[in-house]
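Residue numbers (full-length UniProt numbering): 1 to 240. Idealized CB from N, CA, C, for every residue including glycine.
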Amino acid sequence: FHAQCLQRRRSPRMDLCHVPATREKGWYLALMAPNVKGPNYAWLDPSRLYCHPQGLQDCVADLLQPFQGDPIDMVASIDAMGFILGAAAAAILRKGFLAIRKAGHLCVQTLTQPYTDYSGREKVMEVRTDAISPGLRILLVDQWVETGGTMRAAIQLVERLGGIVAGRRGGQGTPGAHPWVQRDHHPRTPQWPTPSPLRVPAGVAAICIEDSEGGRWIQEHYKCAHCVPPHLQPRFDRHQ
1 FHAQCLQRRR SPRMDLCHVP ATREKGWYLA LMAPNVKGPN YAWLDPSRLY
51 CHPQGLQDCV ADLLQPFQGD PIDMVASIDA MGFILGAAAA AILRKGFLAI
101 RKAGHLCVQT LTQPYTDYSG REKVMEVRTD AISPGLRILL VDQWVETGGT
151 MRAAIQLVER LGGIVAGRRG GQGTPGAHPW VQRDHHPRTP QWPTPSPLRV
201 PAGVAAICIE DSEGGRWIQE HYKCAHCVPP HLQPRFDRHQ
């Protein structure tokens, strides 16, 4: 896989017209560009595949396939690269799109959540409080889930407002905001809660959900979709 990415990097231009005769799940992953700038950057740049029209279409279709027939009220995505896939998914589903922003970018009332990103940096994200009503079924989309910290924070924001991301399958329960919800820019730092069993799932989708502790936790507790075929998953987990 990595050799394919390196071959793409050596090409002076991307061939936007080339589409393989057999478009198996994940064929477009080789369109991603490898890191050439060192350890301060992610190991791959998925944004290159977004430039390819068929690659982008097939990527979004694969992310949505597991949710066919599921009731979804809204798509939400995480600042910033998640916005690309999330907006595309929302357009296909004909649903609204909610941007979960880095803290300090919204001029309206917000709910904030601190988190640690894949690089170990402490950050804060926020979401507007007027878009999610209790019981709203949310499909959360991001570009990549590595350690799971960013996606966990987004899940917390949705559930603190009473929205449903997904719950333990087969469970019954009533969604609602957690009692420690604070609609301001200075929230308490809660312990990560055990998801309550919810009636109707929406889910979590990303190009890759790595086999990290956080990635496994998300897949164990939430309905998930990703684009990496099983035979490639170990290489993605090792960043090869």
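- Closest in C-alpha terms to D79, from the list L161, D142 and Q156, comes D142.
- For R101, the three-state secondary structure derived from DSSP is strand.
- Around the beta carbon of R94, fewer than 16 other beta carbons lie within 10 angstroms, which makes this residue exposed.
- Residue E126 holds the alpha-carbon nearest to the alpha-carbon of S77 among E126, R48 and G162.
- Going by beta carbons, G104 and I138 fall outside the 8 Å limit.
- If you check the CB distance, A205 and L98 do not come in under 8 Å.
- Under DSSP, E146 forms no beta bridge with any residue.
- W144 has its alpha-carbon roughly 10 Å from the corresponding atom of C227.
- For the 8 Å CB-CB criterion, L106 and R128 form a contact.
- Burial state of E122 is exposed, judged by a 10 Å Cβ sphere holding fewer than 16 other Cβ atoms.
- Listed in chain order, the non-local C-beta contacts of A87 below 6 Å within the same chain comprise F97, local neighbours out to five positions each way being set aside.
- A straight line joining the alpha-carbon of L161 with that of L136 spans about 9 Å.
- The beta-carbon distance between A33 and D45, rounded to whole angstroms, is 4 Å. This is short enough to meet the 8 Å contact definition.
- A distance of 8 Å or more separates the beta carbons of G214 and T112.
- Between the C-alpha atoms of S212 and H231 there is a straight-line separation of about 17 Å.
- For the options A90, D73, W27 and A154, the alpha carbon positioned closest to that of I218 is the one of A154.
- Bounds of the alpha helix (DSSP H) holding P234 are Q233 to D237.
- Residue pairing by DSSP leaves M14 without any beta bridge partner.
- Following the DSSP letters along the chain, one finds G203 inside the beta strand (DSSP E) bounded by residues G203 to I209.
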